[in-house]
Amino acid sequence: MIPAEHHSGPGKSSMNMTLIPKCPNEAAQGGVTVSPAMQQNLGIRLARVETRDIASTIRAVGQVQFDDRLISQVQTLTPGFVESLSVRAEGEPVGAGRVIAQVYSPDLLGAQNEYKALLSISSPSAVSLRPAARSRLLLLGAPAGLVRRLEHGGAPQRTYPVVARTSGVVTQIGARPGAQVAPGQSIVTIQGLGQVLVVANVPEASLGSVHVGQPVEITFAAYEGEVRRGVVDYIYPSFDAQSRTARVRITLPNPGFHLKQGMFANVTLQGTGGMAIVVPSEAVIDTGRR
Numbered sequence: 520m521i522p523a524e525h526h527s528g529p530g531k532s533s534m535n536m537t538l539i540p541k542c543p544n545e546a547a548q549g550g551v552t553v554s555p556a557m558q559q560n561l562g563i564r565l566a567r568v569e570t571r572d573i574a575s576t577i578r579a580v581g582q583v584q585f586d587d588r589l590i591s592q593v594q595t596l597t598p599g600f601v602e603s604l605s606v607r608a609e610g611e612p613v614g615a616g617r618v619i620a621q622v623y624s625p626d627l628l629g630a631q632n633e634y635k636a637l638l639s640i641s642s643p644s645a646v647s648l649r650p651a652a653r654s655r656l657l658l659l660g661a662p663a664g665l666v667r668r669l670e671h672g673g674a675p676q677r678t679y680p681v682v683a684r685t686s687g688v689v690t691q692i693g694a695r696p697g698a699q700v701a702p703g704q705s706i707v708t709i710q711g712l713g714q715v716l717v718v719a720n721v722p723e724a725s726l727g728s729v730h731v732g733q734p735v736e737i738t739f740a741a742y743e744g745e746v747r748r749g750v751v752d753y754i755y756p757s758f759d760a761q762s763r764t765a766r767v768r769i770t771l772p773n774p775g776f777h778l779k780q781g782m783f784a785n786v787t788l789q790g791t792g793g794m795a796i797v798v799p800s801e802a803v804i805d806t807g808r809r
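Each residue of the sequence shown is one higher than the one before, starting from 520 at the first, in this note's numbering.
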């Protein structure tokens, strides 16, 4: 009998032996055949071995914070006294160009009177002093409109307006009406809301897979179904030894100012694992070795 010899029908083999029929579902040499009924009872399923991108994902919890890069200080350039304040409490929204305070400055009022006097004198010496007097007014913080008003015959103003350069919300009021202010002292602090930071706490074991520029998906419980996308733009150098986490920062645009400071965020960082051969986890046999 020659095992490799096969025939399509009954008869004799080359060794003059009677051929034995082989069932179509009979297992090949060295194989195992399981009937459909047995497969059903055992819960066996078949799957193809595939090549896929096994990029890992890192999940972390984050929190919304104000972006300190958008902080603006409303200050005066000359010593004076706050006569009136247009904002009353922290959290009040303000727009760029809004008058925040009216400030009385003896120095600025004196500079206005000096410039006004030079404008009224037509002698060559007075005319030559006008540019310096005008520059002094501007250096003391006089608005350009106030200077033009003097040049067109207007009277000096006792107070001058201090305006906000940016939009946002008031986070601190440093001076109230009647308070004396000095150059560099903040009358009001404004926090811009055009963008916010999401700071996520990444576990130590996953930190090696995090890098600047990594894509991130962020969801908020307050806005179910909305997915906001960004990238990691900074990894903080400090490490929390108690929670064993490191902080990473994602900057998000904040149209409509819907994202509030202190809100929790679910952060998913997209890893890069490359292509690999994969099978269902049920098909993996644990040998006890790694």
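Where is the CB? At the ideal position from N, CA and C, for every residue including glycine.
Note that this is a predicted model, so its numbers are computed, not measured.
If distances are taken between C-alpha atoms only, which option among the options comes closest to residue i?
| i | options | result |
| --- | --- | --- |
| F758 | L726, P555, P529 and L712 | L726 |
| T595 | G660, Q789 and G711 | G660 |
| R655 | E745, H671 and L628 | L628 |
| I577 | S800, Q789 and V797 | Q789 |
| Q710 | P734, R684 and P702 | R684 |
| V797 | S527, I539 and R571 | R571 |
| A579 | L778, V729 and M536 | V729 |
| V613 | V682, A556 and T537 | V682 |
| G703 | G672, P598 and M536 | P598 |
| S775 | V731, P799 and S686 | According to the sequence provided, residue 775 is Gly. The question's Ser does not apply to it. Out of V731, P799 and S686, S686 has the C-alpha closest to the C-alpha of G775. |
| S605 | I539, D805 and V707 | V707 |
| E569 | A795, D805 and T806 | A795 |
| P675 | A630, A652 and R588 | A630 |
| Q592 | S705, V731 and I804 | S705 |
| V700 | P625, M536 and D805 | P625 |
| D587 | Q780, D805 and T806 | Q780 |
| I590 | E602, E801 and A615 | A615 |
Between which two residues does the beta strand (DSSP E) containing residue i stretch?
| i | result |
| --- | --- |
| E736 | P734 to T738 |
| R677 | Careful: R677 lies outside any beta strand (DSSP E) and carries neither H nor E. |
| D759 | R747 to D759 |
| R695 | Careful: R695 lies outside any beta strand (DSSP E) and carries neither H nor E. |
| I590 | I590 to Q594 |
| T597 | No beta strand (DSSP E) holds T597; DSSP gives it neither H nor E. |
| Q584 | T576 to F585 |
| N785 | F783 to Q789 |
| V715 | Q714 to P722 |
| L726 | Unbroken run through L726: none, as it is neither H nor E. |
| A765 | T764 to P772 |
Going by DSSP, what residue range makes up the alpha helix (DSSP H) through residue i?
| i | result |
| --- | --- |
| Q559 | P555 to L561 |
| G664 | A663 to E670 |
| Q704 | Neither: Q704 is in no alpha helix (DSSP H) and is coded neither H nor E. |
| G632 | The identity of residue 632 in the sequence shown is Asn, whereas the question assumes Gly. Start and end: P625 to S639. |
| P643 | P643 to L658 |
Rounded to whole angstroms, how far is the Cβ of residue i from the Cβ of residue j, which I believe are closer than 8 Å?
| i | j | result |
| --- | --- | --- |
| A715 | F585 | Looking at the sequence itself, residue 715 is Val, so the reference to Ala does not match. Confirmed, about 7 Å. |
| N773 | L712 | 6 Å |
| A645 | L637 | 5 Å |
| L669 | K635 | 6 Å |
| P662 | Y679 | 6 Å |
| V583 | V717 | 6 Å |
Cβ of residue i within 7 Å of any heavy atom in the ligand ADP?
| i | result |
| --- | --- |
| P529 | The model on display carries no ligand, and the ligand ADP is accordingly not part of it. |
Segment contact flag, the region 605-613 with the region 674-692, C-beta cutoff 8 Å, min 3 pairs = Yes, since at least three Cβ pairs between the region 605-613 and the region 674-692 fall closer than 8 Å, the two stretches touch.
task = Mind the definition here: the region 556-574 touches the region 759-775 only if three or more C-beta pairs lie below 8 Å; say whether that holds.
result = Touching, no, given that fewer than three Cβ pairs across the two stretches are closer than 8 Å.
message = Does the region 719-735 come into contact with the region 618-625, if we say contact requires no fewer than three beta-carbon pairs (one atom in each stretch) closer than 8 Å?
response = Touching, no, given that fewer than three Cβ pairs across the two stretches are closer than 8 Å.
query = Counting Cβ pairs closer than 8 Å, one from the region 739-752 and one from the region 766-778, do we hit at least three?
reply = Judged by Cβ distances under 8 Å, the region 739-752 makes contact with the region 766-778, as three or more pairs qualify.
request  = May I ask you to verify whether the region 734-742 touches the region 773-789, counting CB pairs closer than 8 Å and requiring at least 3?
outcome  = The region 734-742 vs the region 773-789: in contact.
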